[in-house]
Amino acid sequence: MYIYQKSNWDGTHASKIYLYLEDSNHLQSFKWFEGENEATLVTADFDWVTYSVKKFSNYHLEKEMEPQLKASLIFDGNKKINIEVGSMHDSMTLIGLPWQSYDFDFAGLGLSWRALKNKKKDFYFHIADVAREPNGMRFANKGRVDVVYKKEVALNGKNCLLYDINGSGLENKGGQIWINANNFMIEQYKIEIPDEPGYDNGMLQLVETKKMSKAEWEQFKNTAVGNPVPHE
169 MYIYQKSNWD
179 GTHASKIYLY
189 LEDSNHLQSF
199 KWFEGENEAT
209 LVTADFDWVT
219 YSVKKFSNYH
229 LEKEMEPQLK
239 ASLIFDGNKK
249 INIEVGSMHD
259 SMTLIGLPWQ
269 SYDFDFAGLG
279 LSWRALKNKK
289 KDFYFHIADV
299 AREPNGMRFA
309 NKGRVDVVYK
319 KEVALNGKNC
329 LLYDINGSGL
339 ENKGGQIWIN
349 ANNFMIEQYK
359 IEIPDEPGYD
369 NGMLQLVETK
379 KMSKAEWEQF
389 KNTAVGNPVP
399 HE
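See below:
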């Protein structure tokens with residue numbers, strides 16, 4: 169389990185994200201404010217052919233209530249995505265692969281970093297995410313993002329690889345990302361454009377790492393919210 173703090177660059181609007189890497193194919197992201205009786209759980213399955221998430225399931229969890237599946241997304245392995253949000257069913261075609269979700273705090277990107285043969289070589293991906301428009305929200309192609317290797321640096325007492333990250337997928341309001349040189353998970357990123365309302369910009373910092381069995385992870389989620397939660 170990787171415990172991250174998400175906030176603005178100045179540390180305001182801080183919250184915790186608990187990212188559980190069950191194995192190389194399955195991620196769970198548990199977003200919960202300590203002491204609160206509700207949380208968001210996003211489960212993700214990874215496709216190592218396209219280095220992209222192939223399935224998202226988004227649940228709203230609340231104490232003494234049944235978990236609510238709020239949205240699901242399935243990627244067909246080619247370029248088509250099917251989306252279900254409540255009774256709404258939609259689909260779209262990706263403009264390119266691999267694709268990542270910034271709304272998912274780039275958790276899929278952190279996982280796919282492990283597969284890069286040359287960690288010091290530039291690469292790119294495409295972002296597809298929820299677009300907020302005057303008439304409501306829709307899932308849309310955001311554009312391409314280029315990741316440019318800069319140098320090895322020390323951060324939080326760890327050896328990291330530093331990259332610039334920017335492009336139309338981030339509305340050309342990118343920043344930098346630090347990758348742990350030992351496990352290739354995200355150590356920190358600072359990106360000018362925020363990924364959701366309420367933020368001025370985006371910063372994610374690794375706070376703590378814990379070894380945790382699947383049973384311990386399920387118990388952690390159950391105890392936090394106070395009711396059974398789904399797992400996949």
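Those letters in the sequence shown? Residues 169 to 400, by my numbering. Every residue, glycine too, gets a C-beta built ideally from N, C-alpha and C.
Between which two residues does the beta strand (DSSP E) carrying residue i extend?
i: residue 375; result: 370-377
i: residue 342; result: Run containing residue 342: none; DSSP gives neither H nor E here.
i: residue 210; result: 206-215
i: residue 226; result: 220-230
i: residue 189; result: 183-191
i: residue 180; result: No beta strand (DSSP E) contains residue 180, which DSSP labels as neither H nor E.
i: residue 354; result: 354-359
i: residue 284; result: Element bounds for residue 284: n/a, residue is neither H nor E.
i: residue 170; result: 170-175
Under 8 Å, do residue i and residue j count as touching if we go by C-beta distance?
i: residue 388; j: residue 281; result: no
i: residue 313; j: residue 345; result: no
i: residue 292; j: residue 315; result: yes
i: residue 343; j: residue 335; result: no
i: residue 251; j: residue 294; result: no
i: residue 355; j: residue 318; result: no
i: residue 385; j: residue 169; result: yes
i: residue 202; j: residue 222; result: no
i: residue 363; j: residue 307; result: no
Let me know the secondary structure DSSP gives residue i once reduced to three states.
i: residue 385; result: helix
i: residue 279; result: helix
i: residue 392; result: helix
i: residue 336; result: helix
i: residue 247; result: coil
i: residue 234; result: coil
i: residue 311; result: strand
i: residue 265; result: coil
i: residue 351; result: coil
Under the assumption that residue i contacts residue j (Cβ atoms under 8 Å), give the Cβ distance between them as a whole number of angstroms.
i: residue 231; j: residue 206; result: 7 Å
i: residue 265; j: residue 197; result: Not quite, the Cβ-Cβ distance comes to about 22 Å (not below 8 Å), so this is no contact.
i: residue 228; j: residue 211; result: With a Cβ gap of about 13 Å, residue 228 and residue 211 do not count as contacting.
i: residue 186; j: residue 200; result: 7 Å
i: residue 372; j: residue 347; result: With a Cβ gap of about 12 Å, residue 372 and residue 347 do not count as contacting.
i: residue 367; j: residue 176; result: 6 Å
i: residue 279; j: residue 195; result: 6 Å
Next on the checklist: Under 8 Å: do the stretch 241-255 and the stretch 275-286 share three or more Cβ pairs, one atom per stretch?
Outcome noted: no
Next on the checklist: Using a Cβ distance threshold of 8 Å, determine whether the stretch 352-364 contacts the stretch 256-273, with at least three qualifying pairs required.
Outcome noted: yes
Checklist entry - Counting Cβ pairs, one atom from each stretch, are 3 or more of them under 8 Å apart for the stretch 283-295 and the stretch 372-389? => result no
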